[in-house]
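Student: Mind looking over this structure? Questions follow.
Protein chains: 2
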Amino acid sequence: MPQNKRYIYVNAFEGLPKLTDFELITEDVPSLQSNEVLCEALYFSVDPYMRAHSNWMTEGQTMIGTQVAKIVESAHDKFPVGSLLFGDFGWQLYTVCNPGVTHSCFDRRSPQLLSDLNHFPASLSLGVLGMPGNLAYCGLLEVCKPETGEVVVVSGAGGAIGSIVGQIAKIKGCKVVGIVGSEEKMAWIQDELGFDAAINYKTSNVAEALQEAVPEGVDCYFDNVGGETSSAVIAQMNMHGRVACCGAIAIYNEDGNLPSKVTPIQLPIIAKELKIEGITGRRFAKRADESFKVLTKWLVEGKLHYKETVYGGFEKLPEALISILKGENLGKAIVRA
Amino acid sequence: MPQNKRYIYVNAFEGLPKLTDFELITEDVPSLQSNEVLCEALYFSVDPYMRAHSNWMTEGQTMIGTQVAKIVESAHDKFPVGSLLFGDFGWQLYTVCNPGVTHSCFDRRSPQLLSDLNHFPASLSLGVLGMPGNLAYCGLLEVCKPETGEVVVVSGAGGAIGSIVGQIAKIKGCKVVGIVGSEEKMAWIQDELGFDAAINYKTSNVAEALQEAVPEGVDCYFDNVGGETSSAVIAQMNMHGRVACCGAIAIYNEDGNLPSKVTPIQLPIIAKELKIEGITGRRFAKRADESFKVLTKWLVEGKLHYKETVYGGFEKLPEALISILKGENLGKAIVRA
Chain A
155 MPQNKRYIYV NAFEGLPKLT DFELITEDVP SLQSNEVLCE ALYFSVDPYM
205 RAHSNWMTEG QTMIGTQVAK IVESAHDKFP VGSLLFGDFG WQLYTVCNPG
255 VTHSCFDRRS PQLLSDLNHF PASLSLGVLG MPGNLAYCGL LEVCKPETGE
305 VVVVSGAGGA IGSIVGQIAK IKGCKVVGIV GSEEKMAWIQ DELGFDAAIN
355 YKTSNVAEAL QEAVPEGVDC YFDNVGGETS SAVIAQMNMH GRVACCGAIA
405 IYNEDGNLPS KVTPIQLPII AKELKIEGIT GRRFAKRADE SFKVLTKWLV
455 EGKLHYKETV YGGFEKLPEA LISILKGENL GKAIVRA
Chain B
155 MPQNKRYIYV NAFEGLPKLT DFELITEDVP SLQSNEVLCE ALYFSVDPYM
205 RAHSNWMTEG QTMIGTQVAK IVESAHDKFP VGSLLFGDFG WQLYTVCNPG
255 VTHSCFDRRS PQLLSDLNHF PASLSLGVLG MPGNLAYCGL LEVCKPETGE
305 VVVVSGAGGA IGSIVGQIAK IKGCKVVGIV GSEEKMAWIQ DELGFDAAIN
355 YKTSNVAEAL QEAVPEGVDC YFDNVGGETS SAVIAQMNMH GRVACCGAIA
405 IYNEDGNLPS KVTPIQLPII AKELKIEGIT GRRFAKRADE SFKVLTKWLV
455 EGKLHYKETV YGGFEKLPEA LISILKGENL GKAIVRA
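Protein chains in written order, with our numbering: chain A, 155 to 491; chain B, 155 to 491.
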């Protein structure tokens with residue numbers, strides 16, 4: 155049997171995670187029991203939610219996360235060798251499990267055989283054809299409900315979810331503004347993804363730039379960042395605007411009890427009768443088949459584009475997480491095992 | 155004809171309004187034209203929204219506000235002398251208008267003949283049997299959707315809207331916590347209105363007091379205050395909690411562009427998949443008949459109680475507004491002309 159490698163979450167994060175918050179261990183892989191399979195990781199998803207989720211993690215546990223893995227040994231009829239699985243296996247190279255029952259670092263779902271990806275790379279099932287794509291699709295359409303001609307603002311627009319949200323809003327006939335943190339991301343979302351405008355929150359005053367880009371105001375806001383950027387956007391929303399709160403990367407790295415204070419959002423919420431909803435992957439899991447079909451179709455038709463930032467090698471996982479929390483990735487961040 | 159008295163909004167509010175922000179003028183009342191009536195104010199409503207609404211007011215205009223008035227002269231068949239009207243006439247003692255057409259300091263509705271108040275005082279049509287009651291009823295039931303046994307927290311619980319919200323939540327079988335700013339209000343909402351617990355935000359740490367009162371967490375939050383109190387409540391909400399943002403009196407008196415910063419609420423919004431909606435009187439106007447009927451029934455049955463803080467005399471209007479913005483009123487604030 156091969157040796158397993160596994161990352162343990164050893165120190166509670168304080169601010170931005172550090173390499174020393176993780177410990178790499180090497181261990182024997184156990185032999186298979188009846189109905190078990192041995193999975194070898196191919197791709198790991200690295201996502202901002204991992205920082206937020208650390209509030210529910212305990213030191214000493216395997217670091218959480220999802221992966222695409224290949225079955226390399228099988229004692230289960232329905233899961234033959236060679237099949238690809240999506241699993242909540244955490245940061246480990248080899249996993250032994252019975253895929254017919256829950257085996258999840260989040261304690262909520264069993265591994266899933268990958269859908270036919272229509273010749274697209276398997277890693278997309280961690281991105282545009284997986285949870286991030288589903289959240290973008292359902293969050294935008296079910297919570298923001300954009301109408302043709304409305305203004306949609308997306309923060310974290312250069313990330314895995316934001317880049318998809320903005321493109322779907324364009325497909326739906328909206329005017330789309332993306333908020334990002336680098337010139338490279340600005341160029342990508344405008345020149346390649348077709349956003350109507352881009353704002354670099356690091357070099358611009360978001361309120362002023364937004365006023366200039368969309369003086370008619372904002373109808374929908376898909377929020378991946380939280381913090382002062384969100385206060386600025388929400389202050390410029392129109393009557394009956396809709397906000398989907400999907401992420402708050404701007405405040406994840408702060409002490410959970412004492413994040414930096416921000417301008418309150420209650421005045422525009424009341425005056426404009428806004429609706430704001432928090433969304434996570436859980437909520438829309440039941441619509442995964444629908445979003446998968448539509449997003450695949452748009453990919454095939456060339457209406458939807460994606461980008462992956464790939465970090466090479468299992469041992470790069472901690473570095474990759476730190477990198478995306480600094481906003482260094484373009485599109486979906488993946489660690490190739 | 156009598157002389158009219160009218161308050162002009164002469165200085166834009168900075169912080170808490172001052173008596174010198176208003177100028178009292180005396181003027182002749184014009185003679186009636188065809189279809190016009192002369193209305194004499196009986197009761198004025200004084201509400202926190204007036205401070206927030208100043209962002210849309212211009213210096214030199216009549217101060218905004220609603221009143222109950224009696225028709226003392228009439229040249230309109232359908233509006234005979236002696237009838238009582240609800241009108242957006244602003245802070246003036248006499249109003250000449252054609253009640254069949256819009257005549258509103260808010261430019262949105264025409265005066266309404268009062269419904270039969272079932273022997274309750276006419277001033278209730280500015281409180282529990284008017285907009286505040288309707289907002290409490292519809293906001294709680296349509297936005298917060300409390301289920302029997304759930305925990306409902308109400309801020310501004312000693313005010314015109316909050317005191318009604320908490321009682322409706324009790325009628326619906328909820329556990330109700332009110333947040334107020336004085337011992338007198340605590341005693342009133344617990345001993346007379348039947349709230350299960352009360353927290354004085356001026357003398358307690360709201361987060362700790364809430365944790366103690368409802369360790370099971372908060373399902374519904376009806377917010378009349380905004381500010382740090384709301385951040386503390388929202389941080390303790392349960393999965394799929396619902397928040398109605400109805401008022402933000404804690405921040406109305408701050409400079410509109412630079413209110414004090416508060417703890418951001420995006421982390422609990424996302425993690426708990428909360429839904430937050432801003433509500434104003436406009437939204438539920440179409441359900442006014444329904445709420446009027448139900449609230450009247452509850453008043454008659456003794457299930458619902460109200461209190462009015464009455465300030466005597468037209469000239470007390472500025473003082474009354476300043477007083478309620480300091481939280482000095484118990485229940486609905488009224489100025490009797």
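All C-beta atoms in this analysis are idealised placements derived from N, C-alpha and C, irrespective of residue type, glycine included.
Note that the coordinates shown come from a computational prediction; the quantities given were computed from them, not determined experimentally.
Would you kindly work out how many angstroms separate the C-alpha atoms of residue 450 of chain B and residue 314 of chain B, rounded to a whole number?
Tutor: Walking along the second sequence from the start, residue 450 of chain B turns up at place 296. Walking along the second sequence from the start, residue 314 of chain B turns up at place 160. Each residue's alpha carbon lies about 16 angstroms from the other.
Student: From the DSSP output, in three-state form, read off residue 391 of chain A for me.
Tutor: Residue 391 of chain A sits at position 237 when you count from the first residue of the first sequence. Residue state, collapsed to three classes: strand.
Student: Suppose the cutoff is 7 angstroms on Cβ atoms and the five residues either side in sequence are ignored; what does the same chain contact list for residue 287 of chain A look like?
Tutor: Here residue 287 of chain A refers to the residue found at position 133 of the first sequence. So the qualifying residues of the chain are 281, 318, 445, 449.
Student: In terms of alpha-carbon separation, which member of A:295, A:323, A:195 lies closest to residue 350 of chain A?
Tutor: Stepping through the first sequence from its first residue, residue 350 of chain A is reached at position 196. Of the candidates A:295, A:323, A:195, the one whose C-alpha sits nearest the C-alpha of residue 350 of chain A is A:323.
Student: Would residue 309 of chain A and residue 376 of chain A be called neighbours here (beta carbons separated by less than 9 angstroms)?
Tutor: The sequence position of residue 309 of chain A within the first sequence is 155, counting from 1. The sequence position of residue 376 of chain A within the first sequence is 222, counting from 1. Closer than 9 angstroms, so yes.
Student: Quick check on residue 402 of chain B: does DSSP put it in helix, strand or coil?
Tutor: In the second sequence, the residue the question calls residue 402 of chain B occupies position 248. Three-state DSSP puts residue 402 of chain B in coil, outside helix and strand.
Student: Could you tell me whether the Cβ of residue 401 of chain B comes closer than 9 angstroms to any Cβ of chain E?
Tutor: Among the chains of the structure shown, chain E does not appear; the protein chains present are A and B.
Student: For residue 246 of chain B, report the span of its alpha helix (DSSP H) as first-last.
Tutor: Here the question's residue 246 of chain B lines up with position 92 in the second sequence. Per DSSP, residue 246 of chain B belongs to no alpha helix (DSSP H) and is neither H nor E.
Student: When Cβ atoms are compared, which residues of the stretch 306-324 of chain B fall closer than 7 angstroms to chain A?
Tutor: Of all residues in the stretch 306-324 of chain B, none has a Cβ within less than 7 angstroms of some Cβ in chain A.
Student: Starting from the Cα of residue 182 of chain B, find the closest Cα among B:248, B:196, B:290 and give me that residue.
Tutor: To locate residue 182 of chain B, count along the second sequence from 1; it is residue 28. Comparing Cα-Cα distances from residue 182 of chain B to each of B:248, B:196, B:290, the minimum goes to B:248.
Student: Thinking residue 368 of chain A and residue 331 of chain A are a contact (beta carbons under 8 angstroms), I'd like their distance in whole angstroms, please.
Tutor: Here residue 368 of chain A corresponds to residue number 214 of the first sequence, with the count starting at 1. Here residue 331 of chain A corresponds to residue number 177 of the first sequence, with the count starting at 1. 6 angstroms between Cβ atoms; contact.
Student: Got a sec: is the Cβ-Cβ distance from residue 381 of chain A to anything in chain B below 9 angstroms?
Tutor: Here residue 381 of chain A refers to the residue found at position 227 when the first sequence is read from its first residue. Closer than 9 angstroms: yes.
Student: Between residue 206 of chain B and chain A, is there a C-beta pair that is closer than 9 angstroms?
Tutor: Start at 1 with the first residue of the second sequence, and residue 206 of chain B comes out as number 52. Output row for residue 206 of chain B: interface = yes.
Student: To which residues of the same chain is residue 419 of chain B closer than 7 angstroms at the C-beta, ignoring the five residues directly before and after it?
Tutor: To locate residue 419 of chain B, count along the second sequence from 1; it is residue 265. Same-chain partners within the cutoff: 385, 388.
Student: Tell whether a beta-carbon distance below 9 angstroms holds between residue 271 of chain A and residue 279 of chain A.
Tutor: What you label residue 271 of chain A is simply residue 117 of the first sequence in a count that begins at 1. What you label residue 279 of chain A is simply residue 125 of the first sequence in a count that begins at 1. Closer than 9 angstroms, so yes.
Student: Any C-beta of chain B within less than 9 angstroms: which residues of the stretch 415-447 of chain A qualify?
Tutor: The stretch 415-447 of chain A vs chain B, Cβ under 9 angstroms: 415, 416, 417, 418, 419, 420, 421, 422, 423, 424, 425, 426, 427, 428, 429, 430, 431, 432, 433, 434, 436, 437.
Student: For residue 216 of chain B, does the three-state DSSP call read helix, strand or coil?
Tutor: Taking the second sequence and counting its residues from 1, one reaches residue 216 of chain B at position 62. DSSP places residue 216 of chain B in strand when its eight states are reduced to three.
Student: Going by C-alpha distance, which of A:460, A:364, A:346 is nearest residue 354 of chain A?
Tutor: Along the first sequence, one-based indexing puts residue 354 of chain A at 200. The option with the nearest alpha carbon to residue 354 of chain A is A:364.
Student: Taking only three categories from DSSP, how would you classify residue 259 of chain B?
Tutor: Looking up residue 259 of chain B in the second sequence gives position 105. In this structure, residue 259 of chain B counts as coil in the three-state DSSP scheme.
Student: Please tell me whether residue 405 of chain B has its Cβ less than 9 angstroms away from any Cβ of chain A.
Tutor: Locating residue 405 of chain B in the second sequence gives position 251, where the first residue counts as 1. Yes, contact with chain A.
Student: So residue 413 of chain B contacts chain A; which residues on that side make the cut at Cβ distance below 8 angstroms?
Tutor: One-based indexing of the second sequence puts residue 413 of chain B at position 259. In chain order: 417, 418, 421.
Student: If I measure Cβ to Cβ from residue 276 of chain A and keep anything under 8 angstroms in the same chain, skipping five residues before and after, which residues do I get?
Tutor: The residue labelled residue 276 of chain A in the question sits at position 122 within the first sequence. Cβ within range, chain order: 196, 197, 222, 238, 268.
Student: Excluding the 5 residues flanking residue 400 of chain B on each side, which residues of the same chain have their C-beta closer than 7 angstroms to its C-beta?
Tutor: Indexing the second sequence from 1 puts residue 400 of chain B at position 246. Same-chain partners within the cutoff: 289, 293, 315, 376, 377, 378, 433.
Student: When the distance is taken between beta carbons, is residue 335 of chain B closer than 9 angstroms to residue 312 of chain B?
Tutor: Walking along the second sequence from the start, residue 312 of chain B turns up at place 158. Walking along the second sequence from the start, residue 335 of chain B turns up at place 181. Yes. Within cutoff.
Student: How would you write the range of the beta strand (DSSP E) that residue 157 of chain A sits in, first residue to last?
Tutor: Taking the first residue of the first sequence as position 1, residue 157 of chain A is located at position 3. Element bounds for residue 157 of chain A: 157-163.
Student: With a Cβ-Cβ cutoff of 9 angstroms, do residue 356 of chain B and residue 484 of chain B count as a contact?
Tutor: To locate residue 356 of chain B, count along the second sequence from 1; it is residue 202. To locate residue 484 of chain B, count along the second sequence from 1; it is residue 330. Contact flag unset, no.
Student: Given that residue 384 of chain B touches chain A, what residues does it touch there, using C-beta distances under 9 angstroms?
Tutor: As a working note, residue 384 of chain B is residue 230 in the second sequence. Here the neighbours are 418, 420.
Student: Report yes if the C-beta distance between residue 220 of chain B and residue 162 of chain B is below 9 angstroms; otherwise report no.
Tutor: Here residue 220 of chain B refers to the residue found at position 66 of the second sequence. Here residue 162 of chain B refers to the residue found at position 8 of the second sequence. Result no, Cβ atoms of residue 220 of chain B and residue 162 of chain B do not sit closer than 9 angstroms.
Student: DSSP has residue 308 of chain B in a bridge; who is on the other side?
Tutor: For the purposes of this step, residue 308 of chain B is taken as residue 154 along the second sequence, with counting starting at 1. Looking at the DSSP assignment, residue 308 of chain B forms a beta bridge with B:332, B:376.
Student: Can you give the Cα-Cα distance for residue 474 of chain B and residue 489 of chain B, rounded to whole angstroms?
Tutor: Within the second sequence, the letter at position 320 stands for residue 474 of chain B. Within the second sequence, the letter at position 335 stands for residue 489 of chain B. The alpha-carbon atoms of residue 474 of chain B and residue 489 of chain B are separated by roughly 7 angstroms.
Student: Who are the Cβ neighbours of residue 328 of chain B in its own chain at under 6 angstroms, not counting the five residues just before and after it?
Tutor: To locate residue 328 of chain B, count along the second sequence from 1; it is residue 174. Taken in chain order, the residues that qualify are 300, 304, 306.
Student: Using beta carbons (cut-off 9 angstroms, strictly below), is residue 377 of chain B in contact with chain A?
Tutor: Numbered from its first residue, the second sequence carries residue 377 of chain B at position 223. Answer yes: the Cβ-Cβ gap between residue 377 of chain B and chain A drops below 9 angstroms somewhere.
Student: What are the boundary residues of the beta strand (DSSP E) that includes residue 221 of chain A?
Tutor: Taking the first residue of the first sequence as 1, we reach residue 221 of chain A at position 67. Start and end: 221-228.
Student: DSSP on residue 420 of chain B, reduced to helix/strand/coil?
Tutor: Translated into the one-based positions of the second sequence, residue 420 of chain B becomes position 266. In this structure, residue 420 of chain B counts as helix in the three-state DSSP scheme.
Student: Under DSSP, the alpha helix (DSSP H) around residue 292 of chain B begins and ends at which residues?
Tutor: If you number the second sequence from 1, residue 292 of chain B lands on position 138. Taken as a continuous stretch (DSSP letters only), the alpha helix (DSSP H) holding residue 292 of chain B covers 285-292.
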